[in-house]
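Trainee: Here it is: the structure, laid out below.
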Amino acid sequence: MKKKFKAESQRLLDLMINSIYTHKEIFLREIISNASDAIDKMCYLALTDPSIGMSRKDFEIILTLDKENRTLTVSDNGIGMNEEDLEKNLGTIAFSGSKKFSEEIEKADKEKADTAASLADQVDIIGQFGVGFYSAFMVADKVEVVSRKYGEDKAYRWISEGAGGYTIEEAERDSQGTDVIMHIREDGEEKDEFSQYMREYPIYKLVKKYSDYIRFPIKMLMPQPKIKEGSDPENPEFEEVFEYEVFNSMVPLWQRKRAEVTREEYEEFYKQTFQDELPPLETMTVSVEGMVSYDALMFIPEQVPYKYYSDDFSGGLQLYSSGVLIMDKCKELLPEYFNFVKGVVDSPDLSLNISREMLQHDRQVKLISKNLEKKIRGKLEELRDKDREKYEKFYKSFGRQLKLCALDDFGKYKEELQDFLMFYSSTENKLVTLAEYVDRMKEDQEYIYYAAGDSLDAVDKMPQTEILKERGIEILYFTDNTDEFIPDMFRKYREKSFMSVIDGDFDLGDGKNDEKMTETFKDTFDFVKEALGDKVDVVKATTKLRTHPVCLSSGDGITFEMEKYFTAVNPDLGMKAKRILELNVDHAAFLALDRARLDDPERAKKMCEVLFNQALLIAGLPINDPSGYTDIVCSFF
């Protein structure tokens, strides 16, 4: 007699089939997880009752394809179910035998803490909601379950074609366990939509993706080429035979003690799992027991992943629950600034939603994330302080990410990241940290001096750096297009303000004052401003220069490097820095200009154009009229 589902089954089953699960392929994960749960229950009984005579090595999960009848069967030799269990577990949607079994173990733990607790550690119940089984109806139009409970003689068959109801009848099965027989649907408009589950290789891939770390062997008959008996050895004929092949790895690498895993094993796991041709730069393992227990295996890549610095990149760690893949990329496990880290996290304590596809509560994930961040931070600090060569290799790939995140959201994470940033040093001729710079500052030095440009060579040749170099004052070279945003966002580092060598007005205690010199040569500066018009905002004297006659600065607001950045990213913004022309009044060129202003004003105007265009070139800015500039220069010959 056909029975109806309980718990408003028609509506609920329809919801589960069409809404709860994002991807159809999840069905195999759910059915295999249920089989694993059933075996775990049988393992528990075998551990508590030696007379059963079974050990862990006796258990397995068998997958069977029947292409002629279009069925996929998942069989286990676990605890099995009788008629009452089938009625309760499969006839009532959202009833979970696994959850009830877990509660019974917890109760046993309390009653026999000395013995039962160790047994509970050896079973890993995944199912909690009693709905995973019904995901089979996403790919099957009919599902049969043949099961025989341990210790009983009778077997029973549960049959359903969906929300319409189910029947239970007596059946035959040689031993305890369960067969879930899924009658795979015919393809609809989408080619191979369901037929893919009738082929060995797609099934193999799904097992490897979702169930690779189920703790019992998952087997399936796979075609293997074999030489025909009696065929010519020099020209052999082959026939296809089927042999059982174990699909899953069973023991996750991250659950093994680090001392027992070789570097080559870690590297091979990383390259295969994350499709990287190079081994990782660093490997980190974590094993925690407490409020939230978990194991983690993380890697810092040696090279930047494909499309890393683009909107198409998606970071995150693989998230497992008791060896079953829940999410391929869980972003919540890593802060954005460490999103280059790859790896896996496996925890039995996660609060999952009913589809096991996302997290129901994020308290556990936040706790795990906080601990993982500490681990990554500690590893980077170790590399920075004890293996600078490797840290610089890391920084070459991911330093820009750290800088971008330090600047993001108005410097929200600058405190967390500032000690990982590095810049080229004029005195050390290598990358240094801000802490190292400040530790080397002269006793009376007030500022962290920096100069920005397109390249190290371009910055090193800037005339504004001469005077500081002469005095042995260290300058940080900002050559990344994000670097010049750091002083504005950071303001200070360890109570030391940043000062631009190019744009800052700094006093080196030599008694020179640019304001006083500007006043002294006021007439000349007024002449230059009039000759250049709106090409410049201000003309003034400078104390920054030694052997060069002229330079440009931008003063407050955006700098020249910022202007270049905004022009490249969004030219329509029209972002433009001020043009402050600074002249070295001690230079022969300025003295010649001062004389020409009185003796030959037209020639003096040409000299103003030449000096201005020279300042543009030094600043790495384009000349508006290159041909006109060339004509002016040639007119002096």
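Counted from 1, the sequence shown has number 355 at position 355 by my numbering; the numbering is strictly sequential.
All residues carry an ideal CB built from backbone N, CA and C; glycine is no exception.
Whose C-beta lies closer than 8 angstroms to the C-beta of Asp369 among residues of the same chain, with five residues either side of it excluded?
Mentor: Translated into positions along the sequence shown, residue 369 becomes position 369. According to the sequence displayed, residue 369 carries Ser and not Asp. Hits under 8 angstroms: Glu332, Leu333, Leu334, Pro335.
Trainee: Give me the Cα-Cα distance between Ala619 and Phe313, rounded to the nearest whole angstrom.
Mentor: Position 619 of the sequence shown, counting from 1, holds the residue named residue 619. Position 313 of the sequence shown, counting from 1, holds the residue named residue 313. Roughly 35 angstroms separates the two Cα atoms.
Trainee: Just verifying my parser: in three-state terms, what is the DSSP assignment at Pro279?
Mentor: For the purposes of this step, residue 279 is taken as the residue at position 279 of the sequence shown. Coil, per DSSP.
Trainee: Give the DSSP bridge partners of Cys330, in chain order.
Mentor: In the sequence shown, the residue the question calls residue 330 occupies position 330. In the DSSP output, where bridge partners are listed per residue, Cys330 has Leu317.
Trainee: Exposed or buried, what is Tyr449 when buried is set at 16 or more other beta-carbons lying within 10 Å of its beta-carbon?
Mentor: By 1-based counting over the sequence shown, the position of residue 449 is 449. Buried: at least 16 other Cβ atoms inside 10 Å.
Trainee: For the beta strand (DSSP E) containing Gln224, list its first residue and its last residue.
Mentor: Counting from one through the sequence shown, the residue named residue 224 turns up at place 224. From DSSP, the beta strand (DSSP E) with Gln224 extends over 218-227.
Trainee: Report, in whole angstroms, the separation of the C-beta atoms of Asp85 and Ala38, which I expect to be a contact under 8 angstroms.
Mentor: By one-based count along the sequence shown, residue 85 stands at place 85. By one-based count along the sequence shown, residue 38 stands at place 38. The Cβ separation is near 10 angstroms, so there is no contact.
Trainee: Who are the near neighbours of Val288 in its chain, counting only those whose CB is closer than 6 angstroms to its CB and skipping five residues on each side?
Mentor: Stepping through the sequence shown from its first residue, residue 288 is reached at position 288. Within the same chain, Val288 has close Cβ partners Tyr294.
Trainee: Could you tell me the distance, in whole angstroms, from the CA atom of Ile32 to the CA atom of Tyr204?
Mentor: For the purposes of this step, residue 32 is taken as the residue at position 32 of the sequence shown. For the purposes of this step, residue 204 is taken as the residue at position 204 of the sequence shown. Roughly 13 angstroms separates the two Cα atoms.
Trainee: Assign Phe338 to one of three DSSP states: helix, strand, or coil.
Mentor: Numbered from its first residue, the sequence shown carries residue 338 at position 338. Correct three-state label for Phe338: helix.
Trainee: With respect to the alpha helix (DSSP H) encompassing Arg148, which residues constitute its N-terminal and C-terminal limits?
Mentor: To locate residue 148, count along the sequence shown from 1; it is residue 148. It is not in any alpha helix (DSSP H) - Arg148 instead sits in the beta strand (DSSP E) that spans 140-148.
Trainee: Based on DSSP bridge pairs, tell me the residues matched to Ser175.
Mentor: Taking the first residue of the sequence shown as 1, we reach residue 175 at position 175. Looking at the DSSP assignment, Ser175 forms no beta bridge with any residue, so it has no partner.
Trainee: I need the DSSP call for Arg157, collapsed to helix, strand or coil.
Mentor: Here residue 157 corresponds to residue number 157 of the sequence shown, with the count starting at 1. Note: Arg157 maps to strand in three-state DSSP.
Trainee: When the Cα atoms are used, what is the spatial distance from Tyr156 to Thr262?
Mentor: As a working mapping, residue 156 is identified with position 156 in the sequence shown. As a working mapping, residue 262 is identified with position 262 in the sequence shown. Those two C-alpha atoms are separated by around 48 angstroms.
Trainee: Out of Lys307, Ser321, Asp328, Asp454, state which residue places its alpha-carbon closest to the alpha-carbon of Val292.
Mentor: Here residue 292 corresponds to residue number 292 of the sequence shown, with the count starting at 1. The candidate whose alpha carbon is nearest that of Val292 is Ser321.
Trainee: Determine the DSSP secondary structure at His524, reduced to helix, strand or coil.
Mentor: As a first step, residue 524 must be located in the sequence shown, where it is residue number 524. The question names His, yet the displayed sequence has Thr at residue 524. Thr524 falls in the helix class under three-state DSSP.
Trainee: Which value, in whole angstroms, describes the spacing of the CA atoms of Val139 and Phe27?
Mentor: Residue numbering aside, residue 139 sits at position 139 when the sequence shown is read from its first letter. Residue numbering aside, residue 27 sits at position 27 when the sequence shown is read from its first letter. Using only the alpha carbons, I get a separation of about 8 angstroms.
Trainee: Under a three-way DSSP split, which group does Gly378 fall into?
Mentor: Taking the first residue of the sequence shown as position 1, residue 378 is located at position 378. Gly378: helix per DSSP, three-state reduction.
Trainee: Can you tell me where the alpha helix (DSSP H) with Ile580 in it begins and where it stops?
Mentor: For the purposes of this step, residue 580 is taken as the residue at position 580 of the sequence shown. That residue, Ile580, is in no alpha helix (DSSP H); its beta strand (DSSP E) goes 580-583.
Trainee: So for Phe59, helix, strand or coil by DSSP?
Mentor: Counting from one through the sequence shown, the residue named residue 59 turns up at place 59. Here Phe59 sits in coil by DSSP.
Trainee: What does the Cβ neighbour count give for His548, buried or exposed, with the cut at 16 atoms within 10 Å?
Mentor: Along the sequence shown, read from residue 1 onward, the residue named residue 548 stands at position 548. His548 comes out buried.
Trainee: Please look up how many angstroms separate the CB atoms of Cys551 and Pro463, rounded, as I've assumed it's under 8 angstroms.
Mentor: Numbered from its first residue, the sequence shown carries residue 551 at position 551. Numbered from its first residue, the sequence shown carries residue 463 at position 463. That pair is a contact at about 5 angstroms.
Trainee: Might you give, ordered along the chain, the residues of its own chain that have their beta carbon closer than 7 angstroms to the beta carbon of Glu152, omitting 5 neighbours on each side?
Mentor: Position 152 of the sequence shown holds residue 152. Same-chain partners within the cutoff: Asn82.
Trainee: What ranges does the alpha helix (DSSP H) occupy inside the segment 372-448, keeping only unbroken runs of at least 4 residues that lie completely in it?
Mentor: DSSP runs (the alpha helix (DSSP H)) wholly in the segment 372-448: 388-411, 414-417, 434-440.
Trainee: Apply the 10 Å Cβ neighbour rule to Ile218 and answer buried if 16 or more other Cβ atoms are within range, or exposed otherwise.
Mentor: Working through the sequence shown from its first residue, we reach residue 218 at position 218. Buried, because 16 or more other Cβ atoms sit within 10 Å of the Cβ of Ile218.
Trainee: Do you know offhand how far Gly78's Cα is from Arg148's?
Mentor: To locate residue 78, count along the sequence shown from 1; it is residue 78. To locate residue 148, count along the sequence shown from 1; it is residue 148. Roughly 9 angstroms separates the two Cα atoms.
Trainee: If we ignore side chains and look at the alpha-carbon of each, how far apart do Val146 and Met42 end up?
Mentor: Position 146 of the sequence shown, counted from the start, is the residue given in the question as residue 146. Position 42 of the sequence shown, counted from the start, is the residue given in the question as residue 42. Each residue's Cα considered, the two are about 17 angstroms apart.
Trainee: Could you check where the beta strand (DSSP E) with Val701 kicks off and where it finishes?
Mentor: Because residue 701 is not part of the residues shown, which for the chain are 1 to 637, the question remains open.
Trainee: Assuming contact is defined by CB atoms lying nearer than 9 angstroms, are Asp537 and Ile580 in contact in what I supplied?
Mentor: In the sequence shown, the residue the question calls residue 537 occupies position 537. In the sequence shown, the residue the question calls residue 580 occupies position 580. Cβ distance < 9 angstroms, so Asp537 and Ile580 count as in contact.
Trainee: Secondary structure at Met250, three-state DSSP: helix, strand or coil?
Mentor: Reading the sequence shown from its first residue, position 250 is the one you call residue 250. Note: Met250 maps to coil in three-state DSSP.
Trainee: If we count the other Cβ atoms within 10 Å of its Cβ and call it buried at 16 or more, is Asn34 buried or exposed?
Mentor: Taking the sequence shown and counting its residues from 1, the one referred to as residue 34 is at position 34. So Asn34 counts as buried.
Trainee: Ordered along the chain, which non-local residues of its own chain (more than five positions away) have a Cβ less than 6 angstroms from that of Gly343?
Mentor: As a first step, residue 343 is located in the sequence shown; it is residue number 343 there, counting from the start. Around Gly343: Leu297, Met298, Phe299, Leu317.
Trainee: DSSP three-state label for Met298, please.
Mentor: What you label residue 298 is simply residue 298 of the sequence shown in a count that begins at 1. Residue state, collapsed to three classes: strand.
Trainee: Please state the DSSP three-state secondary structure of Thr567.
Mentor: Counting from 1 along the sequence shown, the entry for residue 567 is found at position 567. In the structure shown, Thr567 sits in a helix (DSSP, three-state: H, G or I).
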